[in-house]
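Residue numbers (this note's numbering), protein chains in the order written: chain A, 10 to 161; chain B, 10 to 161. For each residue, glycine too, the CB sits at the ideal point set by N, CA and C. If you're wondering where the values come from, they're calculated on a predicted model, not measured in any experiment.
Protein chains: 2
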Amino acid sequence: MQFSKSTGYALHTLIHLAQAERGRYVGIKELASKQGLPESYLSKIMSKLRQDGIVRAVTGASGGYELARPGSEITFYDVISVVEGRQQMYECHAANEHQHELFAEADASGCECLVKKVMDGAERQMLDYLKQHTIQGVLDAASFSCSPEHRA
Amino acid sequence: MQFSKSTGYALHTLIHLAQAERGRYVGIKELASKQGLPESYLSKIMSKLRQDGIVRAVTGASGGYELARPGSEITFYDVISVVEGRQQMYECHAANEHQHELFAEADASGCECLVKKVMDGAERQMLDYLKQHTIQGVLDAASFSCSPEHRA
DNA sequence: CCTATTATAGACATAAGATATCCATAATAA
DNA sequence: TTATTATGGATATCTTATGTCTATAATAGG
Ligand code: SF4
Ligand code: SF4
């Protein structure tokens, strides 16, 4: 159970865009080479981010990408839910219904599976945390004294 | 990013064992058929659970499995960390170090990556929640009025 | 209008991991 | 001694992630 590499790519790309001067479009070439990964692959990820309204894209000469809204309004959750998809982390694969005879419980609107309730609850804890952290937040907390060239 | 089916298999199996009368060994045949899955596959999962001290196994006629400790002391975290492995959910795959010039921050013992800090923090939220929920906890919360045969 | 540049989208290829099967062996109860 | 049961390795299959390639559309600038 791991985040895909694509998630890391997306996060780093958005951080890069957040650092770019406002109004400038950053091309896929620059974004990909900075991370040392294939342009064609990253462009697919960017396409998803665009379709989800996280970045804007402009085709043509001197085109490229820019953030669609301030980095302070782009949460880790936003990014991850686009790249990883929105399926839940735990799915019930029960073929027959024999096995869960005892695992459901009364709730306001009826019965629910207690196994899934725990698993979904765990997922929610993680997602809530991710919603509280933004791209800009990471940049703001960065300390110059820790950049590689400054550390001997 | 999803939990593997194996995790579901393991959880259901342990719940089954927790319901079995104490001192009785439950065979792989019963455990597998209840969930409608291949014995050979489930036995590999059980083998991992045994190596991790979550269940005990007895070879030979009338052998099988039993919980190694009370269900109230087996957390969802225990199970998931065995089945899914213990690698962290986010790994940095940076080939060069050029890309993280600004993302580290001073901390008590030095510098750390702020991206990873957020991702690890999110994972921790989830794991802490899973540590607070046990196999027995699910059984205790189950309500008879919700079992299938009782619901019309 | 023409050309170079750049994003887009689909098809395709490859690698990795999850899921499943098979078989030979060891351990135990009866 | 025999039937039963778990164990572990090897292998096969299926799915998903990752990466590549190519054709197309859109735009800036000359
Ligand atoms: S108990 Fe819950 S997770 Fe298990 S089979 Fe029933 S519905 Fe699915
Ligand atoms: S910023 Fe963090 S996650 Fe990104 S490349 Fe540097 S160490 Fe890895």
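For Y74 (chain B), the enclosing beta strand (DSSP E) stretches over residues G73 to L76. Taken in chain order, the unbroken stretches of alpha helix (DSSP H) that lie wholly in the region 15-54 of chain B and span 4 residues or more are 37-44. In the assembly as shown, Y50 (chain B) is an exposed residue. Its beta-carbon has fewer than 16 other beta-carbons within 10 Å. Nearest Cα to T16 (chain A) within the set A:V91, A:K126, A:L26 and A:Q60: A:V91. Excluding residues up to 5 positions away in sequence, G73 lie with their Cβ nearer than 6 angstroms to the Cβ of G36 (chain A) in the same chain.
Taking 9 angstroms as the threshold, the shortest C-beta distance from K14 (chain A) to chain B falls below it. Looking only at A:A103, A:C120, A:L123 and A:L76, the smallest Cα-Cα distance to I24 (chain A) is reached by A:L76. Assigned with DSSP and collapsed to three states, E100 (chain A) falls in coil, not helix or strand. Residue pairing from DSSP places V67 (chain B) in a beta bridge opposite B:G73. Residue contact check for S152 (chain B) against chain A: a CB pair falls below 9 angstroms. When Cβ-Cβ separations below 9 angstroms define contact, V67 (chain B) makes no contact with chain A.
Its chain contains Q145 as the residues whose beta carbon lies nearer than 8 angstroms to that of P79 (chain A), once the 5 sequence neighbours on both sides are disregarded; these appear in chain order. Residues of the same chain with a CB within less than 7 angstroms of the CB of G62 (chain A), apart from the 5 flanking positions on each side, are A77 in chain order.
In the three-state scheme derived from DSSP, where H, G and I count as helix and E and B as strand, G119 (chain A) is classed as strand.
E82 (chain A) does not reach chain B, its nearest Cβ partner there being about 16 angstroms away, counting only Cβ pairs nearer than 7 angstroms. In this chain, E82 (chain B) is not harboured by any alpha helix (DSSP H), its DSSP state being neither H nor E.
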